[in-house]
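Note sheet for the following structure.
2 protein chains.
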Amino acid sequence: MASIAQQLGVSRTLVSLVLNGKGDQFGISKATQQAVIELAQKLDYQPNSLARTLRTGKSTILGLIVSDIANPFYSRMARTIEDIAWKEGYKLMVCSADEDPAKEVQLFQMLRQSLNAEGIIVSSGLMDAQPYQPSMDKDFPVVFIDRMLPGVEGRSVIIDNYRGAERATEHLIEAGKKRVALITIGPSHLSSINDRRKGYEAALIKKGFQVNPELIVEASFDNLEKDTAAAVTKLMKSDYVPDAIFAANNRVGLVVIETLAALGKKIPKDVALICFDDIEAFRVCSPPVTAVEQPVEDLSRHAIEKLLKMINKTDSATESDAGTLSPRLIVRQSV
Amino acid sequence: MASIAQQLGVSRTLVSLVLNGKGDQFGISKATQQAVIELAQKLDYQPNSLARTLRTGKSTILGLIVSDIANPFYSRMARTIEDIAWKEGYKLMVCSADEDPAKEVQLFQMLRQSLNAEGIIVSSGLMDAQPYQPSMDKDFPVVFIDRMLPGVEGRSVIIDNYRGAERATEHLIEAGKKRVALITIGPSHLSSINDRRKGYEAALIKKGFQVNPELIVEASFDNLEKDTAAAVTKLMKSDYVPDAIFAANNRVGLVVIETLAALGKKIPKDVALICFDDIEAFRVCSPPVTAVEQPVEDLSRHAIEKLLKMINKTDSATESDAGTLSPRLIVRQSV
DNA sequence: CTGAAAGCGCTAACAG
DNA sequence: CTGTTAGCGCTTTCAG
């Protein structure tokens, strides 16, 4: 910038003004402006946005913290949000917390304090919003996506997990199933996972069944694959074999399919199956698996739009309701 | 920082020194150091790394540009690289270029110029390395992953696509297949895609077959799903029906499976199938699909280690060979 | 119409 | 042992 000012014999101020489109506003002659712009292009001048951010406090960086970027649900989320952010002139920094609460908080700090992100979308694995409270109190834009925390309703955009799970379970029961097992993640404080369980239980009761603890299995997050496989095996060999399984997320569902195949059990003849969160694998299985599809694209769009509104102060977080999107049951041939 | 210096009646320099662990080096009394550290913690002081970067030129940010973060291959790559980077004290900024060369270059500029990334790993969709040349000439650390560009051999870490495709094709031929079709992406300048095609052709010739253009179909990137579906349909209804299909990537493979199912064709009875780049869907299909597994984790590890070496100057890019990793044929039941 | 000057928060010579 | 000083690259009053 200095060099371009020098070559043109003007001050750095002028160059800055012109390059930021404030030339007219400050009444700088068209000719001068033209010259500045041309030389800048010729020299391939790239403003150092670090310096700019330091000065202005604006970074045009947005942050997204997901729990596992390798999960298709979150990678699609990242893709969608990145697309929109880019179109709006923001860069998106995507980070993966790997289901580690401490890392999640560190990532948030880094994004906020170090990178000067102007807003952050987070799919939080925390138990409560306490670490986010100071930021929110200072009106720093934070939007919670997919997983709700107590007390952040107005800042959340989520899927109606309860309703989705209820629909799925009802579908199973309406197909004549009497012993619907639930394989879920636990013990879990995640709103998404809990709501799915509540939906499952509600459907059971609504249809006149009892909630049977023997038919509910919790696999731990850290050992999801093995726990799930063990659970399926145990269930299928128990005295009280289920005639249907409701898998609470895509990873669980995948393992259920594989384990069932390994055990020589046929879907849906031996046992029916519905999975929460549709992934492509469920389409190409045979039989293709009925699943609860989550509208990730919509979810993502709502989240970033909300964030942008907060950044532009056209939305005061706390006043609006939680945005809740409806999932859709995609009926295939596993029931 | 000013406030903590003031409260303790010392200079900002001293605070900076202590907080950066240079207290001993500058012979600052233990007591003073202790006081500084405690107060910093009490005030929850967070250094502004923007300012630090501006001053030192070090950002501890690394960049990763992938062509599509929603593709499992790349999201797993992102996860692995992020993990390692984090452990080494670096943050990773992941960006998705969406197969758009212009966006890729912009992303690179942004990462380098604006965020001051200390090194960048890129899975490039460009035809040549020209836009990267100025950076590389200045010894800016850049590592090319998965896709090779002419002239960047020493800075690349790739899969042996040629060999993987050759093995797959040979496997098909050894299983008695006479008319092996290739469904690939094109026209493409991507080294990965081209090498797969070359491997396919080499295997054919090695086994005494001719390369038959009617058995090679190129689907365009922008319209991959539809083109692939159309290609499969056309092939299966042609006069020269293939008895095996080699799908050049995971997305193509997925559509082949679905289309075949829609056409009522059975794998492997009507037509055998091998896909390049294994994804979980191929495991749970029925029959499970034989695939060429790419060692993404290894690939990612090599790439970031190379980058780190370049950053620490313990590796002069140009002298080392291209790191080439061998893919593995996972035999399932689709052949 | 244009430029001087101050300062964002931090670090690193260089003097004491 | 500690503080002064200068400045990273940019923006923005404010006074010509």
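Chains as they are written, first to last, in the numbering used here: chain A, 1 to 335; chain B, 1001 to 1335. Think of the CB as a built atom: it goes at the ideal place given N, C-alpha and C, for glycine as much as any other residue.
Exercise for the section: Could you have a look at residue 252 (chain A) and say whether DSSP puts it in helix, strand or coil? Expected result: helix
Practice task
Counting only runs of 3+ residues fully inside the region 189-268 of chain A, write out the beta strand (DSSP E) ranges in chain order.
Solution key: 216-219, 244-247
Practice task
Mind checking who residue 1331 (chain B) pairs with in its DSSP beta bridge?
Solution key: Beta-bridge pairing links residue 1331 (chain B) to no other residue.
Exercise for the section: Under 7 Å Cβ to Cβ from residue 1220 (chain B), same chain only, skipping five residues before and after it: list those, please. Expected result: 1227
Exercise for the section: Count the other C-beta atoms from every protein chain shown that fall within 10 angstroms of the C-beta of residue 2 (chain A), then say buried if there are 16 or more, exposed otherwise. Expected result: exposed
Exercise for the section: Keeping to the same chain, check which residues put their C-beta closer than 8 Å to that of residue 136 (chain A); ignore five residues upstream and five downstream. Expected result: 129, 142, 152, 155, 317
Handout entry: Contact list for residue 1375 (chain B) against chain A, beta-carbon separation under 8 Å
Key = Limits of chain B in this structure are 1001 at one end and 1335 at the other, which puts residue 1375 (chain B) out of reach.
Exercise for the section: Return the CA-CA distance between residue 197 (chain A) and residue 1225 (chain B), expressed in angstroms with no decimal places. Expected result: 36 Å
Exercise for the section: Mind the definition here: the region 1065-1075 of chain B touches the region 1095-1106 of chain B only if three or more C-beta pairs lie below 8 Å; say whether that holds. Expected result: yes
Exercise for the section: Return no unless some Cβ of chain B is closer than 9 Å to the Cβ of residue 230 (chain A). Expected result: no
Handout entry: As assigned by DSSP and simplified to three states, the class of residue 1152 (chain B)
Key = coil
Practice task
Could you confirm whether any beta carbon from chain B is found closer than 9 Å to the beta carbon of residue 103 (chain A)?
Solution key: yes
Handout entry: Residue of A:250, A:180, A:158 minimising C-alpha distance to residue 302 (chain A)
Key = A:158
Exercise for the section: Tell me where the beta strand (DSSP E) around residue 272 (chain A) begins and ends. Expected result: 272-276
Exercise for the section: Indicate whether at least one CB of chain A lies closer than 9 Å to the CB of residue 1312 (chain B). Expected result: no
Exercise for the section: Within the same chain, show all residues whose beta-carbon is closer than 6 Å to that of residue 1049 (chain B), passing over the 5 residues directly before and after it, in chain order. Expected result: none
Handout entry: Proximal chain A residues relative to residue 1054 (chain B), where beta-carbon distance stays under 7 Å
Key = 50, 51, 54
Handout entry: Proximity of residue 119 (chain A) and residue 62 (chain A) at Cβ, strictly below 9 Å
Key = yes
Handout entry: Pairwise C-alpha distance: residue 1284 (chain B) and residue 257 (chain A)
Key = 7 Å
Problem - Exposed unless 16 or more other CB atoms sit within 10 angstroms - verdict on residue 1015 (chain B) - result: buried
Problem - Contact under 9 Å by Cβ, residue 1236 (chain B) with residue 1263 (chain B) - result: yes
Problem - Top-ranked residue by Cα proximity to residue 1182 (chain B), from B:1019, B:1274, B:1133, B:1174 - result: B:1274
Practice task
Please check if any C-beta of chain B sits within less than 9 Å of the C-beta of residue 114 (chain A).
Solution key: yes
Handout entry: Listed by chain order, chain B residues near residue 177 (chain A) by CB distance under 9 Å
Key = Within chain B, no residue comes near residue 177 (chain A); the closest Cβ sits about 22 Å away, beyond 9 Å.
Practice task
Give me the Cα-Cα distance between residue 1241 (chain B) and residue 188 (chain A), rounded to the nearest whole angstrom.
Solution key: 52 Å
Practice task
Within its chain, find whatever has a CB closer than 6 Å to the CB of residue 207 (chain A); leave out the 5 residues flanking it on each side and keep chain order.
Solution key: 173
Practice task
Please work out which residues of its chain come closer than 6 Å, Cβ to Cβ, to residue 72 (chain A), disregarding the five sequence neighbours upstream and downstream, and give them in chain order.
Solution key: 279
Practice task
Can you give me the start and stop residues for the beta strand (DSSP E) that residue 108 (chain A) sits inside?
Solution key: Careful: residue 108 (chain A) lies outside any beta strand (DSSP E), inside the alpha helix (DSSP H) at 101-109.
Practice task
Note the first and the last residue of the continuous alpha helix (DSSP H) segment covering residue 51 (chain A).
Solution key: 49-56
Practice task
Leaving out five residues on either side along the sequence, give the residues of the same chain with a beta carbon under 6 Å from the beta carbon of residue 294 (chain A).
Solution key: 159, 277, 327
Problem - Unbroken stretches of the alpha helix (DSSP H), 4 residues or longer, contained in the region 1065-1130 of chain B - result: 1072-1087, 1101-1109
Handout entry: For residue 150 (chain A) and residue 127 (chain A), the rounded distance between their alpha carbons
Key = 8 Å
Exercise for the section: Can you say whether residue 247 (chain A) is buried or exposed, counting buried as having 16 or more other CB atoms within 10 angstroms of its CB? Expected result: buried
Problem - Neighbourhood of residue 1332 (chain B) by C-beta, 8 Å cutoff - its chain only, sequence neighbours within 5 removed - result: 1282, 1283, 1287, 1288, 1289, 1290, 1291
Practice task
Taking only beta-carbon positions, decide if residue 1075 (chain B) is within less than 9 Å of chain A.
Solution key: yes
Problem - Per-residue DSSP class, three states only, for residue 1063 (chain B) - result: strand
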